[in-house]
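Working notes, structure below.
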Amino acid sequence: MSGKYDWLSINNKYLALALGVVIIILLIWMRTGLLQYQGLFEPDGFFYYTAIKQAIASGFVFNNPVQLSGYPYHNILGETPGLLYFTIIPYIILQFFGMSPLDVMRYMAIVAGIGTALLCYVLVQHMSKSRVLGLLAMFFVACSSGNIARTAGTVYRGDTFVMIFVLLALIFLLKGFEASDMKKKLTYIIAGGFVAGSACLFWNGGSLALGVYTFAVMLAPLYGFVSGKLDVIKNSAIALGGGVLGWQLQDLYKLLGWTGTGILTGWSYLVVLVPMALGLAIMYYILTNEPMKKMFAGWERRTVLLAVGGTVVGLIALSYFSIPGLYTAASIQGGSANIANTTQELQAPTWDFIWASFGLELLLAPIGVIGFLLLAHHAGNQSHHKKGFFTFNFNIAFIACFGFLLATAYLQSTAIRYNAMLAIPLAIFSAYAIYSFGRMLHQYTINLGATRVPVSAIYAAFAIALLVLQITMTSAQSFTSAQADGINPLFLSAMSWMSNNTATNAKVLTLWPDGSVVEAWANRQSFMDSVGGENATRIPPFARYVFNQSTDSGYLINTAYKPDYLVVRSFWLDELAGIAIEGNITQNLTAYGFDVLPSITESGNATNQVYQFADPQYAVQLVVQPQPNNTRRIAAYLGLQGQNRFVLMQHIIFINGTTGGYTLINTPNTTQAINYTLMVVFNGTQIVGGTLLGPKLPATNMFKWLFECNYQSCNYGDRNVSATLVYQNQDTKIIHFIYH
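Laid out in structure tokens, this is it:
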């Protein structure tokens, strides 16, 4: 018996519109967590802010190089200039409403998130013309932590906007397949190719859009051949023409200097185009030639032929061609530079990261794929095939979205940065999981006493519980996220001081991510920044300078071109491993390490005062013994947690957390002491922290800057250069170099 309760159909368009508005409001709210902070989410955004300000000052036209990026020779903008115009064009109008360029940048990612959700609604209408399915897809985009990672307020990146191009290209592709009028068909295909080929104008990895479009065109004729649908083969040939258009557009943009080298440009596209064109011709011949039709009658034979032919083509391609993958399409040249393999966002994801990014969607999306294949006919899908007990469903929209899922899942497996891209097809198939099973259950009812209750009503309660759980999981992450690379108000306050208290032509040396903030917030030249492209020439020498145990004034004078100021941050301690790896420092890094000892206990008797510092691994005892001449003997001992065995340590350094002053104590028994240092931080007479330092860390330049340079003295310098602390807060120190 069919149930009368049907929550999967919304016939009132105004109700659908109201629900859509609610989802958009939820989407916006989910992306406002980072707006509590100043500035932008990460260093790259600050670099783009510098370039945008330069373009606005030049009459809204960007001209390379970026004047504050690097010295004595400035760096060009490595990203395509189109990214800047996502801010510049809206700002031309919004400036009259009191908005600054930074205001526009802080909100543009949310606008991209809204556009992505709306386009997902349109895309899934090609899978099933259901308002509920479209709203569910919008909901999962709104509540996807993976998508929020690139569409939250303050985020400003090229891959924030590229999903709009991917979705538009797929929508136009599907409309082209569905159009019966040849003029409309060609119009849609041309539009799809144009959008796919133009994404590279706004992100170096924008050729991903053409890659996904081409992959969908590759999968479509496979479905058409197996199912014997000649019209799909013909439409695929026309759609391939859209891919050729996108390919040629990318080459044109490159020729004009509007974009750099990307995947599927130049002759490389022929590696894809030639096999596809040849395969389409062979498929068409088999489906139209009578002897061939008889020989390969039935989808089973055509599937076997396809598998054999695909294997042969794949082996030939692997043997004779260098096939450019989608991994390269997103501008990641594996192994081309050490930094490409060590930057955090390019690391392969862990399971914890994947779960935090997608949550329930990881479970729902595979169910959604199965739900379409086996249950889509319940929602009116016409392209299905009955085989015994099972009904198998396919259509071009499913093929395109499934290809989208495969491509982005592969990208996600290579690097964590692609979670926002994978989030879109995951959202689509998560929506279909809930929709398809609800549509199947709609025909059933159950008896609850004297009442017959539609199963779909019970399922609706279950689905709503899932949606609420997704909201809860995502919002908890969204509003606890912090800015990347330790960007915080104290750092930005230091940069504001620099902007107001140093010469406008001052040159600044700092870690490369911090350099972008120096340029944008302090309006000063930075020797390095996060986007300038100086990986091979400037990062390794600076990393060695940071770890050097001599003042190395030769680096400052001959390599860094005499910087006026050094910006050094306590956050660098958390980045020690990254600095060393990206700087190609291969020596024993554990000697430069440290362990924070958060647990502090105090005990004593008539002869000893003992402070014990501990973490889960180490225990350190600071022993203070009063002496007859009103002095104190102080020593530190290192042991393992849970073992009552301690070894004398060679050094103790006391840091006054209020004034920045320090006192270094060396143990008198150096022959038996191990070369480790206990750093004790105190405010007044109260000890507030302890840290175990590796043998080499206290002698490095970085340690000298952070802990042995204060307003009274600076333990750094030689006959060629001296240093003076001119500003400090709990995060940042600004040191002025004076050359002799």
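Letter 728 of the sequence shown, counting from 1, is numbered 924 in this note's numbering, and no numbers are missing. Note that the Cβ used here is the ideal one computed from N, Cα and C, for glycine as well.
- Message: For phenylalanine 275, count the other beta carbons within 10 Å of its own beta carbon; 16 or more makes it buried, fewer makes it exposed. Which is it?
- Response: As a position in the sequence shown, residue 275 is number 79, starting the count at 1. Reading off the sequence, residue 275 comes out as glutamate, not phenylalanine. It counts as buried.
- Query: Closest to glutamate 715 by CA distance: which of His270, Arg346 and Leu451 is it?
  - Reply: Along the sequence shown, one-based indexing puts residue 715 at 519. Of the candidates His270, Arg346 and Leu451, the one whose C-alpha sits nearest the C-alpha of glutamate 715 is His270.
- Neighbourhood of threonine 539 by C-beta, 6 Å cutoff - its chain only, sequence neighbours within 5 removed: The sequence position of residue 539 within the sequence shown is 343, counting from 1. Any answer about threonine 539 is weak, because its pLDDT of 42 lies below 50 and its placement is not dependable; what the coordinates show is given next. Counting only Cβ-Cβ distances below 6 Å, and skipping sequence neighbours, we find nothing.
- Go ahead and label tryptophan 901 buried or exposed: buried means 16 or more other beta carbons lie within 10 angstroms of its beta carbon, across all protein chains shown. Locating residue 901 in the sequence shown gives position 705, where the first residue counts as 1. Buried.
- What do you get for serine 341, buried or exposed, if any count of 16 or more other CB atoms within 10 angstroms of its CB means buried? On the sequence shown, residue 341 is found 145 positions in, with the first residue counted as 1. It is buried - the Cβ of serine 341 has at least 16 other Cβ atoms within 10 Å.
- Determine, using beta carbons only, whether serine 205 and valine 358 come nearer to each other than 9 Å. In the sequence shown, residue 205 corresponds to position 9, counting from 1. In the sequence shown, residue 358 corresponds to position 162, counting from 1. Contact flag unset, no.
- Message: Quick check: the Cα distance between leucine 522 and glycine 235, rounded to an integer number of angstroms?
- Response: Numbered from 1 along the sequence shown, position 326 holds the residue referred to as residue 522. Numbered from 1 along the sequence shown, position 39 holds the residue referred to as residue 235. Unreliable placement is indicated for leucine 522, whose pLDDT of 35 sits below 50; the coordinate value is still reported in the next sentence. Answer to the nearest angstrom: the Cα atoms are 32 Å apart.
- Query: Between glutamine 171 and isoleucine 931, what straight-line distance do the alpha-carbon atoms span, to the nearest angstrom?
  - Reply: Outside the modelled stretch of the chain, which goes from 197 to 936, sits residue 171, for which no answer is possible.
- Query: By how many angstroms is the C-alpha of glycine 494 removed from the C-alpha of alanine 593?
  - Reply: The count along the sequence shown starts at 1 and reaches residue 593 at position 397. The count along the sequence shown starts at 1 and reaches residue 494 at position 298. Each residue's alpha carbon lies about 23 Å from the other.
- Alpha carbon to alpha carbon, how far is tyrosine 757 from phenylalanine 335? Give it in angstroms, no decimals. Looking up residue 335 in the sequence shown gives position 139. Looking up residue 757 in the sequence shown gives position 561. Cα to Cα, phenylalanine 335 sits roughly 53 Å from tyrosine 757.
- To which residues of the same chain is isoleucine 310 closer than 8 Å at the C-beta, ignoring the five residues directly before and after it? For the purposes of this step, residue 310 is taken as the residue at position 114 of the sequence shown. Answer for isoleucine 310: Ile220, Leu223 and Ile224, listed in chain order.
- Message: Assuming contact is defined by CB atoms lying nearer than 9 Å, are isoleucine 386 and leucine 474 in contact in what I supplied?
- Response: Sequence index remark: in the sequence shown, residue 386 carries index 190 (1-based). Sequence index remark: in the sequence shown, residue 474 carries index 278 (1-based). Going by C-beta atoms, isoleucine 386 is not nearer than 9 Å to leucine 474.
- Query: Within this structure, are the beta carbons of tyrosine 210 and glutamine 679 separated by less than 9 Å?
  - Reply: Position 14 of the sequence shown, counted from the start, is the residue given in the question as residue 210. Position 483 of the sequence shown, counted from the start, is the residue given in the question as residue 679. No, these two residues do not count as a Cβ contact at 9 Å.
- Query: Expressed to the nearest angstrom, what Euclidean distance is found between the alpha-carbon atoms of glycine 505 and leucine 370?
  - Reply: Walking along the sequence shown from the start, residue 505 turns up at place 309. Walking along the sequence shown from the start, residue 370 turns up at place 174. One C-alpha to the other measures close to 27 Å.
- Message: For a test of the three-state rule: what should DSSP assign to tyrosine 872, helix, strand or coil?
- Response: Taking the sequence shown and counting its residues from 1, one reaches residue 872 at position 676. Tyrosine 872: strand per DSSP, three-state reduction.
- Top-ranked residue by Cα proximity to aspartate 914, from Arg765, Tyr751 and Ile550: Here the question's residue 914 lines up with position 718 in the sequence shown. It is Tyr751.
- Message: By alpha-carbon positions, which one of Gln924, Val764, Pro562 and Asp548 ends up nearest to phenylalanine 625?
- Response: For the purposes of this step, residue 625 is taken as the residue at position 429 of the sequence shown. Closest by alpha carbon: Pro562.
- Task: Pick helix, strand or coil for serine 324, following the three-state DSSP scheme.
- Result: Along the sequence shown, read from residue 1 onward, the residue named residue 324 stands at position 128. Coil.
- Query: Once you ignore the five residues that flank valine 792 on each side, which residues in its own chain have a CB closer than 6 Å to its CB?
  - Reply: Here residue 792 refers to the residue found at position 596 when the sequence shown is read from its first residue. Closer than 6 Å at the Cβ level, and outside the excluded window around valine 792, lie Thr887.
- Please go through the same chain and pick out, in chain order, the residues whose beta-carbon is closer than 6 Å to the beta-carbon of methionine 875, but skip the five residues on each side of it. On the sequence shown, residue 875 is found 679 positions in, with the first residue counted as 1. Result list for methionine 875: Ile849, Thr887 and Leu889, in chain order.
- Alpha-carbon spacing of alanine 605 relative to phenylalanine 282, whole angstroms: Looking up residue 605 in the sequence shown gives position 409. Looking up residue 282 in the sequence shown gives position 86. Cα to Cα, alanine 605 sits roughly 27 Å from phenylalanine 282.
- proline 417 versus threonine 484: straight-line alpha-carbon distance, rounded: Position 221 of the sequence shown, counting from 1, holds the residue named residue 417. Position 288 of the sequence shown, counting from 1, holds the residue named residue 484. Each residue's alpha carbon lies about 15 Å from the other.
- Where does lysine 900 fall in DSSP's three states? The residue given as residue 900 occupies position 704 in the sequence shown. Note: lysine 900 maps to helix in three-state DSSP.
- To which residues does DSSP link cysteine 905 through a beta bridge? In the sequence shown, residue 905 corresponds to position 709, counting from 1. Paired residue(s): Cys910.
- How about glycine 216 and leucine 364: do their beta carbons lie closer than 9 Å? As a first step, residue 216 must be located in the sequence shown, where it is residue number 20. As a first step, residue 364 must be located in the sequence shown, where it is residue number 168. Contact: no.
- Message: Going residue by residue through the region 330-355, where are the continuous alpha helix (DSSP H) segments of at least 4 residues, counting only ones entirely within it?
- Response: 341-347
- Helix, strand or coil: which one does DSSP assign to tyrosine 946? With the chain covering only 197 through 936, there is no way to say anything about residue 946.
- With DSSP collapsed to three states, give me the class of methionine 295. Numbered from its first residue, the sequence shown carries residue 295 at position 99. Methionine 295: coil per DSSP, three-state reduction.
- Is any heavy atom in the ligand ZN found nearer than 8 Å to the beta carbon of isoleucine 870? Absence of the ligand ZN from the depicted structure is noted, as is the absence of any ligand whatsoever, leaving it without description.
- Of the residues Leu319, Thr863, Thr827 and Leu686, the one placed nearest valine 764, counting alpha carbons only: Indexing the sequence shown from 1 puts residue 764 at position 568. With distances taken between Cα atoms, valine 764 lies closest to Leu686.
- Along the chain, which unbroken stretches of the alpha helix (DSSP H) at least 4 residues long are found entirely within the region 363-422? 378-394
- Can you tell me whether DSSP reads leucine 204 as helix, strand or coil? As a position in the sequence shown, residue 204 is number 8, starting the count at 1. Of the three classes helix, strand and coil, the one that applies to leucine 204 here is coil, per DSSP.
- Message: Suppose contacts are defined by Cβ-Cβ distances below 9 Å. Is tyrosine 628 in contact with phenylalanine 549 by that definition?
- Response: Your numbering for residue 628 matches position 432 in the sequence shown. Your numbering for residue 549 matches position 353 in the sequence shown. Contact: no.
- Message: Are the CB atoms of alanine 375 and tyrosine 384 within a distance shorter than 9 Å?
- Response: The count along the sequence shown starts at 1 and reaches residue 384 at position 188. The count along the sequence shown starts at 1 and reaches residue 375 at position 179. Yes, Cβ-Cβ distance for tyrosine 384 and alanine 375 is below 9 Å.
- Spatial neighbours of leucine 469 in its chain, beta-carbon cut-off 8 Å, leaving aside the 5 residues before and after: By one-based count along the sequence shown, residue 469 stands at place 273. Cβ within range, chain order: Leu436, Gly439, Val440 and Trp443.
- Which listed residue (Ala212, Arg227 and Asn208) has its alpha carbon closest to that of phenylalanine 675: The count along the sequence shown starts at 1 and reaches residue 675 at position 479. With distances taken between Cα atoms, phenylalanine 675 lies closest to Arg227.
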